[in-house]
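S.K.: Chains A and B, in that order, give the protein sequences.
Start counting the first sequence at 324; every next residue gets the next number (our numbering).
Start counting the second sequence at 51; every next residue gets the next number (our numbering).
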Amino acid sequence: MILNRLKYGGTCHIPAIPHSAALAVQGLSFRYPGTVADTLEAVNLTVTPGERVALVGPNGAGKSTLLKLILGLEQHTRGTISVYGNPAHTCLHRVSIVPQRSSVDWRFPVTVRQVVTMGRYVHLGWFKRPSSEDRDRVQHSMEMMEITDLADRQVGELSGGQQQRVMLARTLAHNADLMLMDEPLNHVDISTQELIFHTLERLTGEGKAAVVSTHDLGILTMHFSRAVFLDHRVIADGPVQEVLTPETIAAAYGFKFHRDYPSAAVEHDASRYPGAAHD
Amino acid sequence: MIEWLLEPLSFAFVVRGLIAGLLAALACATLSAFVVWRGMAFVGDAMAHAILPGIVVAYALGISLFVGALGAAILAVAGIGLFSRRGQLREDTAIGVIFAGFFALGIFLMSRMVSYQDLSHILFGNILGVAQGDLTAMSIVVAIVLFGVATGFKELLVTSFDPAHAVAIGLSPDLLRYGLLMLLALTTVVAIQTVGVVLVLALLVTPGAAASLLSRHMGRIMAISVAFSVAATLVGFYASYYWNVASGSAIVLTLTVFFLMAWIVNHLSGRASYVS
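#1: Establish whether the CB of G220(B) and some CB of chain A are separated by less than 8 Å.
#2: Please tell me whether Q486(A) and T403(A) are closer than 8 Å, where the distance is taken between their beta carbons.
#3: Assign E524(A) to buried or exposed, taking buried as 16 or more other Cβ atoms, counted over all protein chains shown, within 10 Å of its Cβ.
#4: What separation, rounded to the nearest whole angstrom, lies between the Cα atoms of V325(B) and R430(A)?
#5: Sorted by chain position, which residues of the same chain lie with C-beta nearer than 6 Å to T256(B)'s C-beta, five sequence neighbours on each side aside?
#6: What does M502(A) touch in chain B if you count any residue whose Cβ is under 7 Å from its own?
#7: Do D505(A) and A384(A) have their C-beta atoms closer together than 8 Å?
#8: Rounded to a whole number of angstroms, what is the C-alpha to C-alpha distance between S387(A) and L226(B)?
#9: Where DSSP assigns a beta bridge to L377(A), which residues make up the other side?
#10: Excluding five sequence neighbours on each side, which residues of the same chain lie with their C-beta closer than 8 Å to the C-beta of V217(B)?
#11: For L389(A) versus V366(A), is the C-beta spacing smaller than 8 Å?
#12: If you follow the beta strand (DSSP E) that N367(A) is in, where does it begin and where does it stop?
#13: Starting from the beta carbon of F431(A), find every residue of chain B whose beta carbon is closer than 7 Å, and list them in chain order.
#14: Can a CB atom of chain A be found closer than 8 Å to the CB of V217(B)?
#15: Can a CB atom of chain A be found closer than 8 Å to the CB of L207(B)?
#16: Quick one: what does DSSP say N316(B) is sitting in, helix, strand or coil?
#17: Count Cβ pairs between the stretch 477-495 of chain A and the stretch 424-443 of chain A that sit closer than 8 Å; are there 3 or more?
#18: Compare the Cα-Cα distances from A110(B) to each of G156(B), A91(B), A150(B) and R88(B) and report the closest residue.
#19: Looking at the C-beta of M441(A), does it have a partner C-beta in chain B at a distance below 8 Å?
#20: Which residues in chain B sit within 7 Å of D428(A), going by Cβ to Cβ distance?
#21: Against M268(B), what residues of chain A qualify as contacts under a CB-to-CB distance less than 7 Å, listed in chain order?
#22: Following the continuous beta strand (DSSP E) through M441(A), name the residue where it begins and the one where it ends.
#23: Can you tell me whether G151(B) is helix, strand or coil according to DSSP?
#24: Closest by CA to P381(A), which one among H538(A), T568(A) and V439(A)?
#25: Might you give, ordered along the chain, the residues of its own chain that have their beta carbon closer than 8 Å to the beta carbon of L221(B), omitting 5 neighbours on each side?
#26: Name, going along the chain, the residues of the stretch 376-405 of chain A whose beta-carbon falls closer than 7 Å to a beta-carbon of chain B.
#27: In this structure, how does DSSP classify D505(A) when only helix, strand and coil are distinguished?
#28: Which of the residues in the stretch 235-259 of chain B, read from start to end, lie with their CB under 7 Å from any CB of chain A?
#29: Would you call D459(A) buried or exposed, if buried means 16 or more other Cβ atoms sit within 10 Å of its Cβ?
#30: For a contact meaning CB atoms closer than 8 Å, what does V461(A) contact in chain B?
#31: Can you check which of these residues, V276(B), A150(B), R88(B) and S134(B), is closest to I101(B) by C-alpha distance?
#32: Under 8 Å by Cβ, that's how I've got L173(B) and V240(B) pegged, so tell me the actual separation to the nearest angstrom.
#33: Quick one: residues in its chain with C-beta nearer than 6 Å to the C-beta of A296(B), no 5 flanking neighbours on either side, listed in chain order?
#34: Quick one, are the C-beta atoms of F287(B) and L68(B) less than 8 Å apart?
#35: Are A282(B) and I271(B) closer than 8 Å when you measure CB to CB?
#36: Please confirm if Q437(A) has its CB atom under 8 Å from at least one CB of chain B.
Structure (structure tokens):
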């Protein structure tokens, strides 16, 4: 058992089941040990290959928890999670994460190239060093995110936007089929945002799937076709225009929606600045 | 000058001392960069103190000090893991409790079983009292530490930098942390011979801290750490031989001077300052 826990990386021999969902979450409930309320209650979510899904909801709604469960950072007891037809964690090559900024130790002395190379580790495992093919892939990923000139810099010295490009380059090097991103737009400049979305659009166009959590509702209408509103449960799931109604936003963020605004202004305000409809 | 340098080396026990010191410097400096950047200074210090009862018991029974020290180190790591599991206690609290308890037990046993002379050697190190058997054991331990770091280098990098990604690719950050703690324990056992329980921490922290002021690249930090440690050990060795001062104090003082020089260089060159 200990040997099993020690093992990682190498080649994945388990094929994806044809025509299966990239991600299928069924009846998933989860409660952190020592707490009294479920963080996730009976969550159902299906993501097909090629889809870009925005996972929205207030802070503490369970967005990060859902991503952690898909990755295996937390263990669930109720419900099932499958990735390309197999139970989650059977093939780690297929899932990558751009974690929340706060879970990364940015001060740790690693260079941009070293971080992007970490995306190849899952294909290597113990003892193996990156081959020339791995290094080419790393180089190519850095080129795509326009960070080759930063390759030898320490990641802690970069701006928030540059750091996020490094993380996305690592995901590209990983070459996963299901990409998870936890609040990738925090502290990110507009041009990096555009680059991230452009890259995501291209990759999903090639058949990969992406689930991006965000509390920034403004970007949704522009870059996602589908949104899932999560507040412990799935409150709404569908095309962005249907999901982002003032009512769902009000329900998710826990305030009452007032009708005494001119309706056009409300729609604008509510979708861009959820707090603005408060009073 | 050459004669002055070579004279000590005509005695076998002195050569053994020098080799032991260099081995300890090598192992400590290799781990030092991780100790500094993963914030393990406290646990390193705790480890050094927690192995005291093991050493005392081994000494009194006449068995290898390594076996005793290693036994105590494994018990301490297991205890820290047990008490801080599932967040019942914060880890530094668990470390504090274990550290103080083990050290007190060591002093208790020492006051019953060991003479004052031996006590000072354990606490402050005795570079000129290394037996041939010790040297063999130390070489094996240092080889294990170097092999461990070389094997797990990229895994240690990823778990230190981004534990979420580490888990996503199937690595267990906990397992790697315990592995690193065990390497730390082994290293501490080696270093106690030359610098003693009280000053082991300096060998684990100061070289990495000084090197971090001069470079931002993990590989270079480790290389500079090793260079500093080896140089400091040589200085300490000759000081100990010619002026009859405690070897540990001379080594650590030299390292501290290196650190101050690195700090000045860092300051003058206006690099982004290092804050722990």
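All residues carry an ideal CB built from backbone N, CA and C; glycine is no exception.
M.R.: Checking against the coordinates, here is how it stands:
#1: What you label residue 220(B) is simply residue 170 of the second sequence in a count that begins at 1. Yes, G220(B) lies at the interface with chain A (some Cβ there is under 8 Å from its Cβ).
#2: The residue labelled residue 486(A) in the question sits at position 163 within the first sequence. The residue labelled residue 403(A) in the question sits at position 80 within the first sequence. Taking 8 Å as the Cβ cut-off, Q486(A) and T403(A) do not qualify as a contacting pair.
#3: As a first step, residue 524(A) must be located in the first sequence, where it is residue number 201. The residue in question, E524(A), is exposed, as its Cβ has fewer than 16 Cβ neighbours within 10 Å.
#4: By one-based count along the second sequence, residue 325(B) stands at place 275. By one-based count along the first sequence, residue 430(A) stands at place 107. Note that V325(B) scores a pLDDT of 42, beneath 50, so its modelled location is shaky; the value from the coordinates is reported in the next line. Cα-Cα distance, rounded: 10 Å.
#5: If you number the second sequence from 1, residue 256(B) lands on position 206. These residues qualify, in order along the chain: L305 and F309.
#6: The residue you call residue 502(A) lines up with position 179 of the first sequence. Residues of chain B passing the Cβ test: none, with the nearest at roughly 11 Å.
#7: The sequence position of residue 505(A) within the first sequence is 182, counting from 1. The sequence position of residue 384(A) within the first sequence is 61, counting from 1. Taking 8 Å as the Cβ cut-off, D505(A) and A384(A) do not qualify as a contacting pair.
#8: Counting from one through the first sequence, the residue named residue 387(A) turns up at place 64. Counting from one through the second sequence, the residue named residue 226(B) turns up at place 176. Each residue's Cα considered, the two are about 24 Å apart.
#9: Looking up residue 377(A) in the first sequence gives position 54. Inspection of the sequence shows that residue 377(A) is occupied by Ala rather than by Leu. According to DSSP, A377(A) bridges with V535(A) and A550(A).
#10: Here residue 217(B) is taken as the residue at index 167 of the second sequence, counted from 1. Cβ neighbours of V217(B) beyond the five flanking positions: P223.
#11: Translated into positions along the first sequence, residue 389(A) becomes position 66. Translated into positions along the first sequence, residue 366(A) becomes position 43. Yes.
#12: Numbered from its first residue, the first sequence carries residue 367(A) at position 44. Looking at the DSSP string, the run of the beta strand (DSSP E) that includes N367(A) is L363 to V370.
#13: Position 108 of the first sequence, counted from the first residue, corresponds to residue 431(A). Result: W87, S210 and F211.
#14: As a first step, residue 217(B) must be located in the second sequence, where it is residue number 167. Output row for V217(B): interface = yes.
#15: As a first step, residue 207(B) must be located in the second sequence, where it is residue number 157. So yes, L207(B) belongs to the interface.
#16: Taking the first residue of the second sequence as 1, we reach residue 316(B) at position 266. The answer is helix: DSSP assigns N316(B) an H, G or I state.
#17: yes
#18: Sequence index remark: in the second sequence, residue 110(B) carries index 60 (1-based). For A110(B), the nearest C-alpha among the options comes from G156(B).
#19: What you label residue 441(A) is simply residue 118 of the first sequence in a count that begins at 1. With 8 Å as the cut-off, M441(A) counts as an interface residue toward chain B.
#20: Locating residue 428(A) in the first sequence gives position 105, where the first residue counts as 1. Those are S210 and F211, listed as they occur along chain B.
#21: Translated into the one-based positions of the second sequence, residue 268(B) becomes position 218. Within chain A, the residues near M268(B) are P432 and V433.
#22: Reading the first sequence from its first residue, position 118 is the one you call residue 441(A). Premise fails: M441(A) lies in the alpha helix (DSSP H), V435 to M441, not in any beta strand (DSSP E).
#23: In the second sequence, residue 151(B) corresponds to position 101, counting from 1. It is helical.
#24: Taking the first residue of the first sequence as position 1, residue 381(A) is located at position 58. Cα-wise, what sits closest to P381(A) is H538(A).
#25: Here the question's residue 221(B) lines up with position 171 in the second sequence. The answer, listed in chain order, is E205, V208 and T209.
#26: L394, G395 and L396
#27: Locating residue 505(A) in the first sequence gives position 182, where the first residue counts as 1. DSSP places D505(A) in strand when its eight states are reduced to three.
#28: none
#29: Here the question's residue 459(A) lines up with position 136 in the first sequence. With fewer than 16 Cβ atoms within 10 Å of its Cβ, D459(A) is classed as exposed.
#30: The residue you call residue 461(A) lines up with position 138 of the first sequence. Going along chain B, no residue has its Cβ under 8 Å from V461(A), so there is no contact; the nearest lies around 13 Å.
#31: Working through the second sequence from its first residue, we reach residue 101(B) at position 51. The shortest C-alpha separation from I101(B) is found at A150(B).
#32: Position 123 of the second sequence, counted from the start, is the residue given in the question as residue 173(B). Position 190 of the second sequence, counted from the start, is the residue given in the question as residue 240(B). The pair is not a contact, with the Cβ atoms about 16 Å apart (cut-off 8 Å).
#33: The count along the second sequence starts at 1 and reaches residue 296(B) at position 246. F174.
#34: Locating residue 287(B) in the second sequence gives position 237, where the first residue counts as 1. Locating residue 68(B) in the second sequence gives position 18, where the first residue counts as 1. Yes.
#35: Along the second sequence, one-based indexing puts residue 282(B) at 232. Along the second sequence, one-based indexing puts residue 271(B) at 221. No. Outside cutoff.
#36: Taking the first sequence and counting its residues from 1, one reaches residue 437(A) at position 114. Yes, Q437(A) counts as interfacial toward chain B.
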